[in-house]
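First the structure, in the form of structure tokens, and then the observations on it.
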Amino acid sequence: MSDAPTAEAPRVLPGFLTAALVGGWRDLPFEPFREGVEIHRLADGPAAAALLRYAPGASVPRHRHTGLETILVLEGTQSDDNGTAAAGSLIFNPEGTEHSVWSETGCVVLIHWTRPVEFLEP
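Residue numbers (UniProt numbering): 1 to 122.
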């Protein structure tokens with residue numbers, strides 16, 4: 001028997017993206033994440049994936065990316081220091097970038113972090 005650590009089995013979400021693109025996320029349970037922003041965690045760990053649901057006018061304070069962040073806007077619009085992204089937009093925030101995020105309209109995004117973010121403001 002080996003003392004080497006065993007890798008965790010891959011987590012597969014069959015048909016998830018197809019369902020998410022047509023609003024299949026609406027019946028999922030969300031929990032509070034930040035004021036005005038709720039989260040449904042899909043995968044947790046240093047690398048993580050989740051759905052974030054922003055109420056109109058909600059924001060996430062300035063933070064730095066310690067790894068790549070990828071966002072797919074599923075509904076509404078999401079804004080940051082670089083502009084506004086509408087539903088269907090795919091956003092890549094490389095390691096080392098900083099920004100604040102908000103949504104005037106409210107939005108739902110599918111987000112993946114390769115490493116946790118570091119918040120620079122409370």
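Even glycine gets a Cβ: it sits at the ideal position worked out from N, Cα and C.
Owing to the predicted nature of the structure, the values given are computational and were not obtained by experimental measurement.
Close beta carbons around residue i, own chain, < 7 Å, minus the five adjacent residues each side
i: Gly24; result: none
i: Phe30; result: Glu38, Ile39, His40, Arg53
Beta-carbon proximity of residue i to residue j, cut-off 9 Å
i: Trp102; j: Ala58; result: yes
i: Pro46; j: Thr97; result: no
i: Glu69; j: His112; result: yes
i: Leu90; j: Ile71; result: yes
Residues sharing a beta bridge with residue i, DSSP
i: Ser79; result: Thr84, Trp102
i: Val109; result: Leu52, Val73
i: Leu90; result: Leu72
i: Glu38; result: Pro32, Arg53
Same chain only: Cβ atoms within 6 Å of residue i, ignoring 5 sequence neighbours per side
i: Glu121; result: Pro61, Arg62
i: Thr84; result: Thr77
Where the alpha helix (DSSP H) through residue i begins and ends
i: Leu21; result: 16 to 21
Residue i: first and last residue of the uninterrupted beta strand (DSSP E) it sits in
i: Val12; result: Note, Val12: premise wrong, no beta strand (DSSP E); not H, not E.
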